[in-house]
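Sequential numbering from 1 applies to the sequence shown in my numbering. All remarks here apply to the structure that follows.
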Amino acid sequence: MSGKQRQVAVKAGVDSVEASDRPVSAGSATRLPLRGWALELARRWNSGTYSMFVLHGNIFDLFPLIDGGELTFVPLKAFLRRRLFPERGFFMFYDLGDGLTFADAAMQKRFFEWLAIYDEVEGTHYHSVGLPREFVKLVPVLRRFFMHYAEGASGVRGVTLVIE
1 MSGKQRQVAV
11 KAGVDSVEAS
21 DRPVSAGSAT
31 RLPLRGWALE
41 LARRWNSGTY
51 SMFVLHGNIF
61 DLFPLIDGGE
71 LTFVPLKAFL
81 RRRLFPERGF
91 FMFYDLGDGL
101 TFADAAMQKR
111 FFEWLAIYDE
121 VEGTHYHSVG
131 LPREFVKLVP
141 VLRRFFMHYA
151 EGASGVRGVT
161 LVIE
């Protein structure tokens, strides 16, 4: 790959791969098998050859998930977080209307702890006044955050950013 990122487009909501509908066990949790686009995304992610994915199609559809032993249907964000990337240290979302949001309050708390240090070093006040909503202004902060966690000193298992 010579240091370049590879990306792949994956169509959400369309299951083209045949798979059993029986739940599978992973440790103590029961999970539905991945099918179609989700299986393709998981295989490519786990291969380590891709680092960027473009999801398109029925992104506002609901996706099956076993929750507390019950079959439920959740939005794409929840499906990605809880089924495909449950072990990620940080799972963040960006859209123009909401700006940067987090999968849960603990992630947001850890991010803002880091942001306080960033503010001290860079002479900014994002921790107290909030992050910019404009993506171009947010990118330098995110870049530093990604680089901090890429160094691996924190023990965090990866950072995922979903741009809507």
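For every residue, glycine included, the Cβ atom is placed at its ideal position computed from N, Cα and C.
Three or more Cβ pairs drawn from the region 106-113 and the region 77-96 lie within less than 8 Å of each other, which places the two stretches in contact. Under the three-pair Cβ rule at 8 Å, the region 115-124 does not count as touching the region 93-102. Check the Cα spacing between glycine 68 and each of Lys77, Ala150, Arg82: the tightest is with Arg82. For valine 74, the pairing in a beta bridge is given by DSSP as Phe63. Secondary-structure assignment with DSSP links phenylalanine 93 through a beta bridge to Thr101, Val162.
With contacts defined by Cβ atoms closer than 8 Å, glutamate 164 and aspartate 95 form a contacting pair.
Contact check between the region 46-62 and the region 125-134: fewer than three CB pairs, one atom from each, fall below 8 Å, which does not count as touching. Taking C-beta atoms under 8 Å as the contact rule, leucine 80 and threonine 72 fail to qualify, at a distance of about 15 Å.
Glycine 36 carries a helical assignment under DSSP once its states are collapsed to helix, strand and coil.
Beyond the five residues adjoining it in sequence on each side, histidine 148 comes within less than 6 Å, by CB distance, of no other residue in the same chain. Between threonine 160 and phenylalanine 63, the C-beta gap is not smaller than 8 Å, which leaves the two residues out of contact.
Ranked by Cα distance from isoleucine 59, the options Val74, Leu32, Asn46, Gly130 are led by Val74. At the C-beta level, histidine 127 and alanine 116 come within 8 Å of one another.
In the displayed model, proline 86 falls within coil according to three-state DSSP, outside both helix and strand. Taking tryptophan 37 as reference, the option from Ser47, Thr49, Gly57 with the minimal CA-CA separation is Gly57.
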